[in-house]
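K.L.:
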Ligand code: AMP
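Next up, the structure:
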């Protein structure tokens with residue numbers, strides 16, 4: 539193993555590809571920032587109990603995949619495996635919910651950690667952009683979040699994604715269904731771990747990917763038939779609002795997702811070009827989570843979209859993001875005096891808001907022009923002793939290939955005009 543290898547299941551974001559990740563984060567957050575969501579940042583680790591209580595002891599995320607550790611001071615912490623529990627914890631700590639401004643709408647962007655079996659699209663360190671609308675039970679809020687995620691993906695140019703939608707019921711109807719499902723599952727021929735799961739969280743057995751399990755699940759009671767009138771009405775309203783917005787979705791009554799806190803609306807964004815790790819994002823309503831972590835009743839809804847998988851989805855669709863070149867002007871100085879003068883001009887250009895870079899390392903004209911090319915700059919500014927003696931620099935248009943002398947004193951204005 540090379541000493542320079544990133545830990546298993548992780549990878550580095552490096553230029554030129556890293557710019558795509560920035561663009562994806564920007565594109566996902568833009569509709570949120572435009573819709574009343576405020577930015578929140580929470581620590582990369584939390585008290586382990588927050589996730590155990592919030593995400594759920596029986597979930598793979600908590601029972602198998604969490605990076606939990608004891609600090610030197612004896613605190614039991616865990617690297618965050620997801621964002622919702624932390625954001626809700628922070629909102630409660632800051633009493634954002636008491637200021638009469640519900641729903642509290644927040645968005646975040648960050649790194650998350652799960653000790654998973656690494657494969658394409660599944661990493662131990664990954665990044666998400668997420669949104670939470672805390673403290674209101676309103677189908678328009680569920681619809682808003684789904685519509686904004688759709689808008690974000692479309693703004694990136696993604697087309698081959700689908701939205702799967704389901705309702706998981708609430709504390710009235712889900713327990714009745716849960717028991718009916720459990721009774722059904724008890725009659726099946728399942729392995730010990732699945733039997734255990736059926737007792738703790740039977741809905742997740744429906745999500746089992748194994749063919750032999752799926753075969754036995756034919757005829758299982760479906761939640762749809764157990765939803766109470768309030769949940770049915772709520773779900774119909776969410777569906778109607780999304781439909782009216784022109785956002786297509788598919789009803790998927792088997793969609794349960796891997797976190798225990800969801801109630802009513804749940805949804806997932808899947809991309810058909812990603813193979814087995816097809817979920818690019820997901821979310822739903824979590825009306826009971828606040829109480830599960832010791833807070834007051836705060837019905838809420840949110841989602842998290844995976845940045846890594848969104849980048850993979852863009853690649854799968856062959857979408858090239860329209861990312862402007864980072865550098866507009868590249869300065870090439872020949873000789874010490876020219877270096878000093880042009881370095882000063884680069885600083886001036888930058889202060890005028892023009893992206894500029896400089897040929898460092900004492901390269902000759904040929905090497906420096908190669909750097910200018912590589913930078914993607916629209917203009918190269920070249921100057922030697924003779925140009926300076928005449929009070930000019932050579933402004934080379936890298937697209938047109940033509941070169942014109944420009945008075946040193948006019949350079950910033952000329953570049954500004956020609957870039958505009
Ligand atoms: P979840 O919190 O499991 O609903 O995940 C939400 C989104 O985060 C998923 O749809 C993925 O895009 C992304 N995600 C979750 N786990 C991973 C992982 N191990 N590696 C990469 N992306 C992930």
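Numbering (the working numbering), first residue to last: 539 to 958.
Positions of the beta carbon are idealized from the N, C-alpha and C atoms, including for glycine.
Evaluate residue 588 with the Cβ neighbour count: other Cβ atoms within 10 Å of its Cβ, from every protein chain shown; 16 or more gives buried, anything less gives exposed.
P.N.:
As a working mapping, residue 588 is identified with position 50 in the chain shown. Label assigned to residue 588: buried.
K.L.:
Taking C-beta to C-beta, are residue 819 and residue 698 nearer than 7 Å?
P.N.:
On the chain shown, position 281 is the one that residue 819 refers to. On the chain shown, position 160 is the one that residue 698 refers to. Not closer than 7 Å, so no.
K.L.:
In terms of DSSP beta bridges, what is residue 714 paired with?
P.N.:
Within the chain shown, the letter at position 176 stands for residue 714. In DSSP, residue 714 forms no bridge with anything.
K.L.:
Run the proximity test for residue 752: is its beta-carbon closer than 6 Å to any non-hydrogen atom belonging to the ligand AMP?
P.N.:
Within the chain shown, the letter at position 214 stands for residue 752. Flag unset: Cβ of residue 752 not near the ligand AMP.
K.L.:
Specify the secondary structure class of residue 963 as computed by DSSP and reduced to three states.
P.N.:
Limits of the chain in this structure are 539 at one end and 958 at the other, which puts residue 963 out of reach.
K.L.:
Our contact map puts residue 864 next to residue 894 with C-beta atoms below 8 Å; I'd like the distance itself, whole angstroms only.
P.N.:
Taking the chain shown and counting its residues from 1, the one referred to as residue 864 is at position 326. Taking the chain shown and counting its residues from 1, the one referred to as residue 894 is at position 356. Not confirmed; about 10 Å, so no contact.
K.L.:
Closer than 6 Å to a non-hydrogen atom of the ligand AMP - does that hold for the CB of residue 805?
P.N.:
Position 267 of the chain shown holds residue 805. It does not: the Cβ of residue 805 is nowhere closer than 6 Å to a heavy atom of the ligand AMP.
K.L.:
Pairing CB atoms from the region 781–788 with CB atoms from the region 744–762, are three or more of them under 8 Å?
P.N.:
Because the criterion of three Cβ pairs below 8 Å is not met, the region 781–788 and the region 744–762 do not touch.
K.L.:
Please determine, among 867, 741 and 686, the residue with the shortest C-alpha to C-alpha distance to residue 713.
P.N.:
Working through the chain shown from its first residue, we reach residue 713 at position 175. Closest option to residue 713, Cα to Cα, is 741.
K.L.:
Round the Cβ separation of residue 926 and residue 944 to the nearest angstrom and send it over; I've been treating them as touching at under 8 Å.
P.N.:
Within the chain shown, numbered from 1, the residue matching residue 926 stands at position 388. Within the chain shown, numbered from 1, the residue matching residue 944 stands at position 406. Residue 926 to residue 944, Cβ: 13 Å. No contact.
K.L.:
Quick one: is the Cβ of residue 844 within less than 6 Å of any heavy atom of the ligand AMP?
P.N.:
Taking the chain shown and counting its residues from 1, the one referred to as residue 844 is at position 306. Yes, since a heavy atom of the ligand AMP falls inside the 6 Å radius drawn around the Cβ of residue 844.
K.L.:
Could you give the DSSP three-state label for residue 920: helix, strand or coil?
P.N.:
Counted from its first residue, the chain shown places residue 920 at position 382. If DSSP states are grouped into helix, strand and coil, residue 920 belongs with the strands.
K.L.:
Do you know whose CA, among 765, 702 and 671, lies nearest residue 716's CA?
P.N.:
Sequence index remark: in the chain shown, residue 716 carries index 178 (1-based). Comparing Cα positions, the closest option is 765.
K.L.:
Taking residue 776 as the reference, which of 648, 869, 682 and 574 has the closest Cα?
P.N.:
Indexing the chain shown from 1 puts residue 776 at position 238. Closest option to residue 776, Cα to Cα, is 682.
K.L.:
CA-CA distance, residue 662 and residue 653?
P.N.:
Reading the chain shown from its first residue, position 124 is the one you call residue 662. Reading the chain shown from its first residue, position 115 is the one you call residue 653. Cα to Cα, the separation comes out at about 5 Å.
K.L.:
How far does the alpha helix (DSSP H) with residue 589 in it reach, from first residue to last?
P.N.:
On the chain shown, position 51 is the one that residue 589 refers to. 586–592 is the extent of the alpha helix (DSSP H) around residue 589.
K.L.:
Where do the N-terminal and C-terminal ends of the alpha helix (DSSP H) with residue 881 fall, by residue?
P.N.:
On the chain shown, position 343 is the one that residue 881 refers to. Where residue 881 is concerned, the enclosing alpha helix (DSSP H) stretches over 874–889.
K.L.:
If you reduce the DSSP assignment to three classes, tell me which class residue 802 lands in.
P.N.:
Here the question's residue 802 lines up with position 264 in the chain shown. Note: residue 802 maps to strand in three-state DSSP.
K.L.:
Is it buried or exposed for residue 577, if we count other Cβ within 10 angstroms and need 16 for buried?
P.N.:
The residue labelled residue 577 in the question sits at position 39 within the chain shown. Answer is exposed; the Cβ neighbour count stays below 16.
K.L.:
Assuming residue 857 contacts residue 694 under a Cβ cut-off of 8 Å, what Cβ separation, rounded to an integer in Å, is found between them?
P.N.:
The residue labelled residue 857 in the question sits at position 319 within the chain shown. The residue labelled residue 694 in the question sits at position 156 within the chain shown. Rounded, the Cβ-Cβ distance is 7 Å, consistent with contact.
K.L.:
Have a look at 898, 658 and 804 and flag the residue whose alpha-carbon is nearest the alpha-carbon of residue 814.
P.N.:
Residue mapping note: residue 814 aligns to position 276 of the chain shown, counting from 1. Selected option, being the one with the closest Cα: 658.
K.L.:
Are the beta-carbon atoms of residue 660 and residue 808 separated by less than 7 Å?
P.N.:
Counting from 1 along the chain shown, the entry for residue 660 is found at position 122. Counting from 1 along the chain shown, the entry for residue 808 is found at position 270. Contact: no.
K.L.:
Can you tell me which of 585, 599 and 591 puts its alpha carbon nearest to the alpha carbon of residue 609?
P.N.:
Along the chain shown, read from residue 1 onward, the residue named residue 609 stands at position 71. With distances taken between Cα atoms, residue 609 lies closest to 585.
K.L.:
Just to check, is the beta-carbon of residue 923 closer than 6 Å to a non-hydrogen atom of the ligand AMP?
P.N.:
Against the chain shown, residue 923 aligns to sequence position 385. Every heavy atom of the ligand AMP is 6 Å or more from the Cβ of residue 923, so no.
K.L.:
When you compare each of 798, 754 and 802 to residue 767 by their alpha carbons, which one comes out closest?
P.N.:
The residue given as residue 767 occupies position 229 in the chain shown. Comparing Cα positions, the closest option is 802.
K.L.:
So which of 706, 862, 880 and 875 has the shortest CA-CA distance to residue 869?
P.N.:
Within the chain shown, numbered from 1, the residue matching residue 869 stands at position 331. Selected option, being the one with the closest Cα: 880.
K.L.:
Can you name, in chain order, every residue of its own chain whose Cβ lies under 7 Å from the Cβ of residue 680, other than the five neighbours on each side?
P.N.:
Here residue 680 corresponds to residue number 142 of the chain shown, with the count starting at 1. Closer than 7 Å at the Cβ level, and outside the excluded window around residue 680, lie 776, 803, 823 and 839.
K.L.:
Between the region 593–603 and the region 730–749, do at least 3 Cβ pairs fall closer than 8 Å?
P.N.:
With the cut-off at 8 Å, the region 593–603 and the region 730–749 touch.
K.L.:
Pick from 744, 721 and 935: whose alpha carbon is nearest that of residue 706?
P.N.:
Looking up residue 706 in the chain shown gives position 168. Nearest of 744, 721 and 935 to residue 706, Cα basis: 744.
K.L.:
In chain order, what residues of the same chain have a beta carbon less than 7 Å from the beta carbon of residue 780, not counting five sequence neighbours either side?
P.N.:
Translated into positions along the chain shown, residue 780 becomes position 242. For residue 780, where only same-chain residues beyond five positions count, the Cβ hits under 7 Å are 681, 684, 685 and 787.
K.L.:
Please report the straight-line C-alpha distance between residue 746 and residue 899, rounded to a whole angstrom.
P.N.:
Looking up residue 746 in the chain shown gives position 208. Looking up residue 899 in the chain shown gives position 361. So the two alpha carbons sit approximately 59 Å from each other.
K.L.:
Let me know the secondary structure DSSP gives residue 609 once reduced to three states.
P.N.:
Locating residue 609 in the chain shown gives position 71, where the first residue counts as 1. Three-state DSSP puts residue 609 in coil, outside helix and strand.
K.L.:
Based on DSSP bridge pairs, tell me the residues matched to residue 629.
P.N.:
Position 91 of the chain shown, counting from 1, holds the residue named residue 629. Partner(s): none; residue 629 has no beta bridge.
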